[in-house]
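S.K.:
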Amino acid sequence: MSSRAVWERVRARVQRFPELLASCGEQASVYGKCMASNTTEHGNLKKDVCAKEFAMLMDCFTEAAKRNVKT
């Protein structure tokens, strides 16, 4: 497979990201709120503090990507 074909596939995936994010707005909002509420004033965040919310967001992205596969 040529490197051009690989980059075209990558570009297509990246271009679909905004619509995937839009379809997972609720999960993205919950994750963002968790991150914001658990970040200290110095920008520190403990590892895995929002792991549950992140997993829900990733599940949503995965399902949205499966529904929006372009062949």
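Here this note's numbering is used: the first residue of the sequence shown is 11, the next is one more, and so on. Just so it is clear, CB atoms sit at the ideal spot from N, CA and C, and this is done for glycine as well.
1) If the criterion is Cβ atoms closer than 8 Å, does the pair Leu31 and Ala22 meet it?
2) In this structure, does DSSP put Val20 in helix, strand or coil?
3) What is the DSSP secondary structure of Gly42, reduced to helix, strand or coil?
4) Just the C-alpha distance for Thr50 and Glu29, rounded to the nearest angstrom, thanks.
5) What is the DSSP secondary structure of Lys56, counted as helix, strand or coil?
6) What separation, rounded to the nearest whole angstrom, lies between the Cα atoms of Thr81 and Arg19?
7) Please classify Glu7 as buried or exposed, where buried requires at least 16 other C-beta atoms within 10 Å of its C-beta.
M.R.: According to the structure shown:
1) Counting from 1 along the sequence shown, the entry for residue 31 is found at position 21. Counting from 1 along the sequence shown, the entry for residue 22 is found at position 12. No.
2) By one-based count along the sequence shown, residue 20 stands at place 10. If DSSP states are grouped into helix, strand and coil, Val20 belongs with the helices.
3) For the purposes of this step, residue 42 is identified with residue 32 of the sequence shown, where counting begins at 1. Helix.
4) Your numbering for residue 50 matches position 40 in the sequence shown. Your numbering for residue 29 matches position 19 in the sequence shown. Each residue's alpha carbon lies about 31 Å from the other.
5) Here residue 56 refers to the residue found at position 46 of the sequence shown. If DSSP states are grouped into helix, strand and coil, Lys56 belongs with coil.
6) Against the sequence shown, residue 81 aligns to sequence position 71. Against the sequence shown, residue 19 aligns to sequence position 9. Note that Thr81 scores 46 on pLDDT, short of 50, meaning its location in the model is unreliable and no value can be drawn from it.
7) No statement about residue 7 is possible, as the shown extent of the chain runs from 11 to 81 and does not include it.
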